[in-house]
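Report on one structure; see the data block that follows.
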Amino acid sequence: VTADGGGNCMFDPTPSDLMVAAISHVNYNDPQPAAWCGAYVEVTGELGSVVVRIVDKCPDEGCTRNHLDLSPQAFAKIAPIEKGIVPITWRLVSPGLDRTVSYHIKPGSSQWWTAIQVRGHRNPIRKLEYRAANGSWVELERQEYNYFIATNMGLGPYTLRATDMYGNSIVDSNIVLGENVETRGSSQFPAGP
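Be aware that the sequence shown starts at 105, since it is given in this note's numbering, and climbs by one per residue.
Here's what the structure looks like:
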């Protein structure tokens with residue numbers, strides 16, 4: 105099976121970086137929809153290890169808990185490609201990244217229905233909130249296709265707070281509403297434990 109870096113997580117294809125994988129449908133929505141999207145995992149097989157980014161979920165049939173389906177390029181680094189299915193171990197990692205997080209506005213978004221995806225994060229995202237006019241934080245609802253949805257957010261620009269699985273938060277302002285617009289944030293999450 106080929107991979108282009110896109111998939112159920114709805115990230116853009118990354119033809120220059122095909123170190124990607126799909127995770128079991130059992131893990132994919134645990135503990136929340138799309139919980140593993142964008143996570144980095146180190147996979148070890150008979151030939152060595154490779155770090156891959158989770159961009160998809162593998163189908164229900166034959167893909168049990170903790171199963172990973174690696175791109176051919178990634179699989180070739182851990183086992184002979186002709187073997188197809190091999191025993192592996194894997195663990196969540198928090199790699200150094202040379203970029204800040206960014207916020208992608210889904211096409212079709214408006215002041216009444218807004219869908220935002222966090223991209224370029226080194227740790228799995230657990231929560232995305234926006235600051236309402238009264239100063240309170242309002243949580244957006246995560247969808248299985250890896251966007252966070254809210255209604256009646258207004259025209260923006262927005263102040264957003266993204267929180268990773270370790271409880272670290274990043275706050276960014278001036279996130280612009282627009283068709284298929286991506287705004288770079290100011291920082292990156294710290295390394296996980």
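Positions of the beta carbon are idealized from the N, C-alpha and C atoms, including for glycine. Please read these numbers as outputs of a predicted model, since none were measured by experiment.
Between Arg226 and Ser198, the C-beta spacing is below 9 angstroms. Under the 10 Å beta carbon count, Trp217 is surrounded by fewer than 16 other beta carbons and is classified as exposed. Contact between Phe293 and Asn272 holds: their C-beta atoms lie close to 5 angstroms from each other, under 8 angstroms. Leaving aside the five residues that flank Gly152 on each side, the residues in its chain whose CB is nearer than 7 angstroms to its CB run, in chain order, Lys181 and Ile182. Distances from the alpha-carbon of Ser290 to those of Pro163, Val222 and Asn112 put Val222 closest.
Going by C-alpha positions, Asn131 is about 29 angstroms away from Arg288. Taking the CA atoms as reference points, Gly110 sits about 24 angstroms from Glu186.
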